[in-house]
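Asks: Counting along the sequence shown from 1, when you hit position 80 you're at 601 in the working numbering, and nothing is skipped either side. Ideal Cβ positions, reconstructed from N, Cα and C, are used throughout, including at glycine. Treat the numbers as computed from the prediction; the structure is a model and nothing was measured.
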Amino acid sequence: MMKSGLEDVIAAETKLSDVDGAAGRLIIRGVSLDDLVATSRFEDVAALLLDGLFDEHIDAASIRKQLGMARAALFAHVETADAALLALPPVDAVRALLARVADGEDFATAIRLMAAPAVFLPAVLRLQKGEAPIRPDASLSQSADILRMLTGRVPTAEQTAGLDAYLVTISDHGLNASTFASRVIASTHAGLTSSVLAAISALKGPLHGGAPGPVLDMLDGVGKPENARAWLSQALDHGERLMGFGHRIYRVRDPRADALKTALKPIFASGQADAGRIALAEAIEAAALALLKERKPDRPLDVNVEYYTALLLDALGFPRNSFTGVFAIGRTVGWIAHAREQTLDGRLIRPQSRYVGPLPNAA
Ligand code: COA
Numbered sequence: 522m523m524k525s526g527l528e529d530v531i532a533a534e535t536k537l538s539d540v541d542g543a544a545g546r547l548i549i550r551g552v553s554l555d556d557l558v559a560t561s562r563f564e565d566v567a568a569l570l571l572d573g574l575f576d577e578h579i580d581a582a583s584i585r586k587q588l589g590m591a592r593a594a595l596f597a598h599v600e601t602a603d604a605a606l607l608a609l610p611p612v613d614a615v616r617a618l619l620a621r622v623a624d625g626e627d628f629a630t631a632i633r634l635m636a637a638p639a640v641f642l643p644a645v646l647r648l649q650k651g652e653a654p655i656r657p658d659a660s661l662s663q664s665a666d667i668l669r670m671l672t673g674r675v676p677t678a679e680q681t682a683g684l685d686a687y688l689v690t691i692s693d694h695g696l697n698a699s700t701f702a703s704r705v706i707a708s709t710h711a712g713l714t715s716s717v718l719a720a721i722s723a724l725k726g727p728l729h730g731g732a733p734g735p736v737l738d739m740l741d742g743v744g745k746p747e748n749a750r751a752w753l754s755q756a757l758d759h760g761e762r763l764m765g766f767g768h769r770i771y772r773v774r775d776p777r778a779d780a781l782k783t784a785l786k787p788i789f790a791s792g793q794a795d796a797g798r799i800a801l802a803e804a805i806e807a808a809a810l811a812l813l814k815e816r817k818p819d820r821p822l823d824v825n826v827e828y829y830t831a832l833l834l835d836a837l838g839f840p841r842n843s844f845t846g847v848f849a850i851g852r853t854v855g856w857i858a859h860a861r862e863q864t865l866d867g868r869l870i871r872p873q874s875r876y877v878g879p880l881p882n883a884a
């Protein structure tokens with residue numbers, strides 16, 4: 522019997538990350554998520570994930586330097602953004618610009634692909650508002666430069682740390698839909714750009730990486746903590762899903778949710794964002810968990826990564842229509858690592874389908 526959605530099917534062996542849905546645990550290359558977020562910046566997790574997958578020696582300092590140079594060089598592509606491209610949703614505009622990065626399987630291509638969405642997303646967002654894009658500063662870390670290119674201001678230490686925590690938290694997550702897409706493309710040896718383009722296309726769907734924008738819409742819709750239960754009940758009565766809840770693998774709380782909740786606290790505590798937002802989010806979370814338990818007693822549904830992503834990215838100044846694009850900035854390194862692992866170790870991915878359609882007449 523075929524498993525709908527390939528649930529529980531093992532389709533790859535990987536040394537990159539492990540998602541334990543029963544225990545609510547995520548391990549990235551042998552390090553638990555909590556330890557990783559506490560000790561790493563984006564460049565550290567990139568070095569961790571890519572180590573041994575290319576001929577080059579890889580460390581965080583050299584990745585930081587190379588990413589900086591790649592960001593500066595990629596800014597030239599921003600000038601090619603025309604009105605048709607800028608009319609697209611931000612993640613689609615980023616995807617269109619990404620397609621200009623030449624395909625290849627080498628480390629230089631990997632660096633360009635990691636730098637590209639970091640440059641393209643802030644530039645697209647500014648151009649869409651009628652503002653001039655800001656040139657990258659190659660001397661900054663990837664997170665600090667993204668925030669500077671977004672807002673035009675040098676970010677605070679709390680803001681940079683918040684974005685680093687986000688990018689580290691979402692860098693890799695087992696064989697999710699976009700990572701699987703990346704591996705399928707890599708198995709044909711089409712090149713890393715092709716893998717990343719396929720992956721970003723899978724990511725943008727609301728059942729995968731497209732949920733955090735709608736989470737914020739839900740927060741706005743609820744408005745006050747005391748409205749939470751009535752508002753959520755009505756949404757469920759209309760057959761809607763509560764965005765930011767439920768997961769294919771986790772049957773308990775998604776560990777990434779708490780990593781992000783921890784990361785956003787210093788930003789709110791230092792007065793750099795409206796603290797009332799956290800109280801509202803916590804009230805909605807409590808009401809949603811109670812309602813989901815009542816309505817779906819047989820299906821454990823808990824908070825997923827998207828819930829606190831919404832609060833964190835909002836506090837950092839990203840508009841809600843850009844959240845999927847920020848997700849892509851962080852996940853690109855995971856897509857590349859999986860693509861390389863697949864190319865180095867794997868065969869062409871070519872499963873079978875079972876034909877259940879009509880047969881030709883036997884006449
Ligand atoms: N709100 C309300 N009900 C939900 C729900 C949610 N967020 N998530 C799952 N359910 C319900 C489904 O309606 C279904 O109920 P039914 O069997 O009575 O029809 C049951 O739980 C199982 O759902 P299913 O679609 O089989 O789960 P899945 O493993 O395929 O889906 C998600 C996982 C993430 C797609 C799903 O939980 C979802 O849509 N969540 C909201 C979107 C979101 O937050 N996405 C980000 C994921 S990181």
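Which runs of the alpha helix (DSSP H), 4 residues or longer, sit entirely within the stretch 529-606?
Replies: Segments of the alpha helix (DSSP H) lying fully in the stretch 529-606: 554-560, 563-571, 581-599.
Asks: Is residue 732 near ligand 1, going by C-beta to nearest heavy atom under 6 angstroms?
Replies: Yes, since a heavy atom of ligand 1 falls inside the 6 angstroms radius drawn around the Cβ of residue 732.
Asks: By how many angstroms is the C-alpha of residue 570 removed from the C-alpha of residue 661?
Replies: Near 21 angstroms, if we compare the C-alpha coordinates of residue 570 and residue 661.
Asks: Could you tell me the distance, in whole angstroms, from the CA atom of residue 885 to the CA atom of residue 666?
Replies: Lying outside 522 to 884, the shown extent of the chain, residue 885 is not represented and no answer is given.
Asks: Considering only the alpha carbon of each residue, which of 866, 792, 858 lies closest to residue 679?
Replies: Here the closest residue by C-alpha is 792.
Asks: Find out if the Cβ-Cβ distance for the pair residue 480, residue 822 is shorter than 7 angstroms.
Replies: Residue 480 is absent from the model: the chain starts at 522 and stops at 884.
Asks: What number of angstroms, rounded off, separates the C-alpha of residue 566 from the C-alpha of residue 877?
Replies: So the two alpha carbons sit approximately 45 angstroms from each other.
Asks: For residue 731 and residue 691, what's the separation of their Cα atoms in angstroms?
Replies: Going from the Cα of residue 731 to the Cα of residue 691 covers about 14 angstroms.
Asks: Excluding five sequence neighbours on each side, which residues of the same chain lie with their C-beta closer than 8 angstroms to the C-beta of residue 537?
Replies: Contacts found: 549, 550, 570, 693, 855, 858, 859, 862.
Asks: Name the DSSP beta bridge partners of residue 701, please?
Replies: Per DSSP, none; premise fails for residue 701.
Asks: Where does residue 568 land, buried or exposed, given buried means 16+ other C-beta within 10 angstroms?
Replies: By the 10 Å Cβ count, residue 568 comes out buried.
Asks: Shorter than 6 angstroms, the distance from the beta carbon of residue 782 to the closest heavy atom of ligand 1, or not?
Replies: Not under cutoff, so the answer is no.
Asks: Tell me whether residue 775 is buried or exposed, calling it buried when 16 or more other Cβ atoms sit within 10 Å of its Cβ.
Replies: It is buried - the Cβ of residue 775 has at least 16 other Cβ atoms within 10 Å.
Asks: What separation, rounded to the nearest whole angstrom, lies between the Cα atoms of residue 872 and residue 620?
Replies: Looking at the two C-alpha atoms, the distance is approximately 27 angstroms.
Asks: Give me, in chain order, the residues of the same chain whose beta-carbon lies closer than 8 angstroms to that of residue 541; leave out the 5 immediate sequence neighbours on both sides.
Replies: Within the same chain, residue 541 has close Cβ partners 547, 548.
Asks: Does the beta-carbon of residue 769, which I'm using as the reference point, lie nearer than 6 angstroms to any heavy atom of ligand 1?
Replies: Residue 769: yes, Cβ under 6 angstroms from ligand 1.
Asks: Give the secondary structure of residue 766 by DSSP, where H, G and I count as helix, E and B as strand, and everything else as coil.
Replies: It is a strand residue.
Asks: If you scan the stretch 811-851 from start to end, which runs of the beta strand (DSSP E) of 3 or more residues do you find wholly inside it?
Replies: List check, beta strand (DSSP E) in window: nothing returned.
Asks: Let me check understanding here. Comparing Cα to Cα, which of 720, 758, 539 lies closest to residue 850?
Replies: Comparing Cα positions, the closest option is 720.
Asks: Quick check: is any heavy atom of ligand 1 less than 6 angstroms from the C-beta of residue 545?
Replies: The answer is no for residue 545.
Asks: Does DSSP put residue 863 in a helix, a strand or coil?
Replies: If DSSP states are grouped into helix, strand and coil, residue 863 belongs with the helices.
Asks: Whose C-alpha, out of 544, 697, 676, 739, is nearest the C-alpha of residue 527?
Replies: Closest option to residue 527, Cα to Cα, is 697.
Asks: Give the straight-line distance between the Cα atoms of residue 781 and residue 686, rounded to the nearest whole angstrom.
Replies: Rounded to the nearest angstrom, the two C-alpha atoms are 7 angstroms apart.
Asks: State the Cα-Cα distance for the pair residue 658 and residue 590, rounded to the nearest angstrom.
Replies: Using only the alpha carbons, I get a separation of about 9 angstroms.
Asks: Starting from residue 721, trace the alpha helix (DSSP H) in both directions and tell me its first and last residue.
Replies: That run of the alpha helix (DSSP H) goes 713-724.
Asks: For the alpha helix (DSSP H) containing residue 612, name the first residue and the last one.
Replies: 611-619 is the extent of the alpha helix (DSSP H) around residue 612.
Asks: Taking only heavy atoms of ligand 1 into account, decide whether any of them is closer than 6 angstroms to the Cβ of residue 826.
Replies: Result yes, Cβ under 6 angstroms from ligand 1.
Asks: Are the CB atoms of residue 622 and residue 714 nearer to each other than 7 angstroms?
Replies: Yes.
Asks: Just mark residue 842 as buried or exposed, buried being the case when its beta carbon has 16 or more other beta carbons within 10 Å.
Replies: Label assigned to residue 842: exposed.
Asks: Any heavy atom of ligand 1 closer than 6 angstroms to the Cβ of residue 774?
Replies: No, ligand 1 has no heavy atom inside 6 angstroms of this Cβ.
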